[in-house]
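Colleague: Pasting a structure below so you can have a look.
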Amino acid sequence: MLSLMTSEEKTDLLPLNTQAKSDIFDGLIVLRAYEVFLNQVVAQEQAQAALQQQTTETPPAALQQENTSQDDLLYKLVSQTQAKLNELGFYTGAIDGIFDNETQQALINFQTAYGLIIDGTINEQVVAALGIQI
């Protein structure tokens, strides 16, 4: 038990009676346990704050790359659809990769003319019918 005490604390306890030493020693143990606990809580809070700051400031590179890849894929899909619809005379707007009302109306006209499901979206039937390769 005395190993938990500093040398100054041991020296201070020497002249005291056994009961007083025991009471003081019990108090020191509680204080040391509280000190260890408090240090662990502070370290955990600091780690959580650092993790939260890291995740809110900069998304992981893989997530950024995934978003970019999805954006690129969508841009290519819409651009190629616009180009093919333009070749077939269904679309006269800019081939800009932006799925706007004009692009959707051209898709609906194409789907109607070719007997496809008419939903105004670039679905599997449209991709196959237009021969789009991504």
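Here this note's numbering runs 171 ahead of the position in the sequence shown, where the first position is 1. The C-beta atom is built at its ideal place from N, Cα and C for all residues, glycine as well.
(1) Quick check on the burial criterion: 16 or more other C-beta atoms within 10 angstroms. Buried or exposed for Thr-292?
(2) Could you compute how far the alpha carbon of Ala-284 sits from the alpha carbon of Ala-277?
(3) Report the residue from Val-212, Gln-251, Ile-269 whose alpha carbon sits nearest the alpha carbon of Leu-301.
(4) Under the three-state reduction of DSSP, which class applies to Ala-204: helix, strand or coil?
(5) Kindly indicate which residue of Ala-265, Glu-258, Ile-266, Gly-268 has the alpha-carbon position closest to the one of Phe-281.
(6) Would you mind sorting Val-207 into buried or exposed? The rule is 16 or more other CB atoms within 10 Å of its CB.
(7) Verify the CB distance criterion: does Ala-284 have a CB-CB separation below 9 Å to chain D?
(8) According to DSSP, simplified to helix, strand and coil, what is Ala-214?
(9) Beta-carbon within less than 6 Å of Gln-275's beta-carbon, same chain only, minus the 5 sequence neighbours each way: which residues are those?
Modeller: A quick look at the data gives this:
(1) So Thr-292 ends up on the exposed side.
(2) Their Cα atoms are separated by approximately 11 Å.
(3) With distances taken between Cα atoms, Leu-301 lies closest to Gln-251.
(4) Three-state DSSP puts Ala-204 in a helix.
(5) Ranking the options by Cα distance to Phe-281, first place goes to Glu-258.
(6) Label assigned to Val-207: exposed.
(7) Here there is only one protein chain, and chain D is not present.
(8) Residue state, collapsed to three classes: helix.
(9) Exclusion of the five residues before and after Gln-275 leaves Gly-291 as the residues of its chain whose Cβ lies within less than 6 Å of its Cβ.
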